[in-house]
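First the structure, in the form of structure tokens, and then the observations on it.
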């Protein structure tokens, strides 16, 4: 989908990205000496010299961040859990960004990163699903001077707290990938280990993502479980404060659901409401309009058969138009068989 086609696709940062619900086991970075039962906070790292604020640009809401970049396909899954109970955190925004195979970052034109201003590759965000997971399709990154191969990520739990960190990979697996694809990664193997990198020198036990081949020999899978401050199993994503004074959007029930589900919401004032449904690619697949609803509790029924919706993840966005203005919130729901 092009930039222009996304303008009507979620005009607030409340958009929840749609991701796969295929479960993964604990990754190899899972701690042996666990904190709070099962989880240890991800170490905080610098955002690096090449961050971009993706908050107000819905173009970056996407699963596939590759654009025109050449490299071995990497399917990266992150699971976000809260440190207070070690449960999945739903509806939090996760940004990723990293360099291409040659060590270049999009968006900057600097002596050590020439000719990349105005480009947008290898950056994107999604929102976690009911399992606390997001999945990105990207390429395996290269490396550059003084930095081991790595991927930046940022987890926005609320308007007042975000966890910024970086992940890296098992040394042997990473070097094998570079060696087996030396026609692509022409700089050769990574000359550094994480312990030689100033960012990871203070420890990286919880920042090593798995790296393994899919059944397709040209695609790698990677997984990391990330613990941040907060409590899981609840909707912790950012909701504009003014929304709370005008309406509240609930999680659909049941969720996941088979065939039918109800989306609850509460209006503080009489309002016209519009519910838009979007698929994982950002395409609007259905709209429900209700006008002149009174203040109070309401729900909208979703019937997948009637709407001809296949089994998948969907984003539902509720727009509320009352005397105070227009207010928007969104959540993710999962249709299963």
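Residue numbers (the working numbering): 0 to 336.
Note that beta-carbon positions come from the ideal geometry of N, C-alpha and C, so glycine has one too.
{"Item": "Return helix, strand or coil for residue 176, following the three-state DSSP convention.", "Value": "helix"}
{"Item": "Quick one: using the 10 Å Cβ neighbour count with 16 as the cut-off for buried, is residue 325 buried or exposed?", "Value": "exposed"}
{"Item": "Could you compute how far the alpha carbon of residue 264 sits from the alpha carbon of residue 94?", "Value": "28 Å"}
{"Item": "What's the call for residue 318, buried or exposed, on a 16-neighbour Cβ count within 10 Å?", "Value": "buried"}
{"Item": "Which same chain residues, not among the five before or five after residue 294, have their C-beta less than 7 Å away from its C-beta?", "Value": "266, 267, 268, 269"}
{"Item": "Three or more beta-carbon pairs under 8 Å between the stretch 64-83 and the stretch 217-234, yes or no?", "Value": "yes"}
{"Item": "With a threshold of 16 other CB atoms inside 10 Å of the CB of residue 185, please say whether the residue is buried or exposed.", "Value": "exposed"}
{"Item": "Can you find the residues in the same chain that come closer than 8 Å, C-beta to C-beta, to residue 106, ignoring five residues on each side of it along the sequence?", "Value": "49, 51, 115, 116, 117, 118, 119, 122"}
{"Item": "Among 258, 254, 336, which residue has its Cα nearest to the Cα of residue 128?", "Value": "254"}
{"Item": "Once the 5 residues before and after residue 103 are set aside, which same chain residues still bring their CB inside 7 Å of it?", "Value": "112, 115"}
{"Item": "In whole angstroms, what separates the C-alpha of residue 251 from that of residue 64?", "Value": "29 Å"}
{"Item": "For residue 170, does the three-state DSSP call read helix, strand or coil?", "Value": "helix"}
{"Item": "Among 178, 73, 109, 164, which residue has its Cα nearest to the Cα of residue 137?", "Value": "73"}
{"Item": "Just tell me which of 290, 330, 207 has its CA closest to the CA of residue 247.", "Value": "330"}
{"Item": "When you compare only the Cα positions, how much space is there between residue 183 and residue 135?", "Value": "21 Å"}
{"Item": "So, with DSSP's three-state summary, where would you put residue 199?", "Value": "coil"}
{"Item": "Do you know whose CA, among 336, 214, 220, lies nearest residue 256's CA?", "Value": "336"}
{"Item": "Looking at the structure shown, is residue 46 part of a helix, part of a strand, or coil, going by DSSP?", "Value": "coil"}
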